[in-house]
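Residue numbers (my numbering): 22 to 334. Down below is the structure, laid out as structure tokens.
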Ligand SMILES: Nc1ncnc2c1ncn2[C@@H]1O[C@H](COP(=O)(O)OP(=O)(O)O)[C@@H](O)[C@H]1O
Ligand SMILES: [Mg+2]
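Right, here's the structure in full:
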């Protein structure tokens, strides 16, 4: 699955992120095995993969927290790790914990100091971050009394200080309940509206499905698919049929393509809608009793599992 030529041809400077054969080993463990990809400006890009695929390693390389074993990358047009460029990045680590005795406002002020924002801007930046993540009315409360969702929103607030052009979020929703996840998706949408580029690591596919413009699927440290959600999923649908009273009909149904059986449910993948009546009539003809016929759009999760299976071959 290749990207449109425009993105590939674009200068690294015009992209939010561009990596070329980026590799990282820890001793014998290959965390990244030659990662090549581009993230455009002002897009929400999902970096998906199972645990251990190399997602966190990629983000740490991009923000300059660790050095690559081989390969190159550019972030906002500068070589990765560039100190000056780091001020234009926001980063939400996978695991973080703020001092419980500090208030939300104090945490944000501490990070303004750490990121060397001019003091005159602190007030305004903290206010904007609090507003964006919906913690304005909790600014003076201590972190120790915050729920996980609020802590995650505070983490996002920290990542937004200084209005970065690119934010890298490592599993921003994995610790959250559905309400918290919804809130985080809203925050990400708001960032995109402002023209901020978002690079989002996640193993939670439904999250990503809803907000990402484009995704890369990574497994064992390499990209196994990339493109828009539609390119990844393909346009083919599937149909699920609940039918009783037929057994051993596999051969007869083969003309309708590959299918799976789960109890009375048959799922046909890649079967065009125009062939459904024919299939139902065939089932009935063979003595089947058809109780339900449901179209089923392939989800990212289905596709993801297929991709992982293919890549393990
Ligand atoms: N500091 C480290 N030392 C040794 N191995 C590491 C280190 N960080 C990551 N790894 C290994 O690199 C691989 C990729 O890890 P990671 O980037 O954390 O994956 P993900 O974020 O996709 O779950 C894993 O096999 C992990 O055990
Ligand atoms: Mg990780």
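C-beta: ideal position from N, C-alpha, C; glycine also.
Check                                                                                                         : Outcome
Buried versus exposed, by CB contacts within 10 Å (16 or more), residue 282                                   : exposed
C-beta contact flag for residue 96 and residue 242 at 7 Å                                                     : no
Proximity of residue 66 and residue 76 at Cβ, strictly below 7 Å                                              : no
7 Å CB neighbourhood of residue 305 in its chain, flanking five on each side removed                          : 311
Exposure label - residue 153; buried when at least 16 CB within 10 Å                                          : buried
Inter-residue Cα distance where the pair is residue 146 and residue 285                                       : 58 Å
Cβ-heavy atom distance, residue 70 to ligand 1, below 6 Å                                                     : yes
Beta-carbon proximity check, residue 63 vs residue 165, cutoff 7 Å                                            : no
In chain order, each beta strand (DSSP E) run of at least 3 residues that lies wholly inside the region 32-78 : 36-47, 50-61, 65-69
Residue 213 Cβ short of 6 Å to ligand 2 heavy atom set                                                        : no
Pick from 170, 130, 250, 167 that is closest to residue 148, judged by C-alpha positions                      : 130
Supposed close pair residue 182, residue 138 - CB separation, criterion 8 Å                                   : 7 Å
Residue span of the alpha helix (DSSP H) that contains residue 302, given as start and end                    : 297-306
Beta strand (DSSP E) segment containing residue 191, residue limits                                           : 187-191
Neighbourhood of residue 194 by C-beta, 8 Å cutoff - its chain only, sequence neighbours within 5 removed     : 173, 201, 202, 205, 206, 223, 225, 228
Residue 77 CB to nearest heavy atom of ligand 2 below 6 Å                                                     : yes
Opening and closing residue of the beta strand (DSSP E) in which residue 283 lies                             : 280-283
Which of helix, strand or coil DSSP assigns to residue 314                                                    : strand
Any non-hydrogen atom of ligand 1 closer than 6 Å to residue 94 Cβ                                            : no
Beta carbon of residue 113 nearer than 7 Å to that of residue 56                                              : no
Backbone CA spacing between residue 215 and residue 322 [nearest angstrom]                                    : 30 Å
Length at least 3, wholly inside the region 148-211: the beta strand (DSSP E) runs in chain order             : 187-191
7 Å Cβ cutoff met for residue 87 and residue 81                                                               : yes
Test item: CB-CB of residue 179 and residue 126 under 7 Å                                                     : no
At least 3 beta-carbon pairs within less than 8 Å: the region 100-115 vs the region 184-198                   : yes
Whole-angstrom distance between residue 288 and residue 328, CA atom to CA atom                               : 19 Å
Exposure of residue 36, with buried meaning 16 or more beta-carbon neighbours within 10 Å                     : buried
Cα-Cα separation, residue 260 to residue 299                                                                  : 13 Å
For residue 236 and residue 84, the rounded distance between their alpha carbons                              : 19 Å
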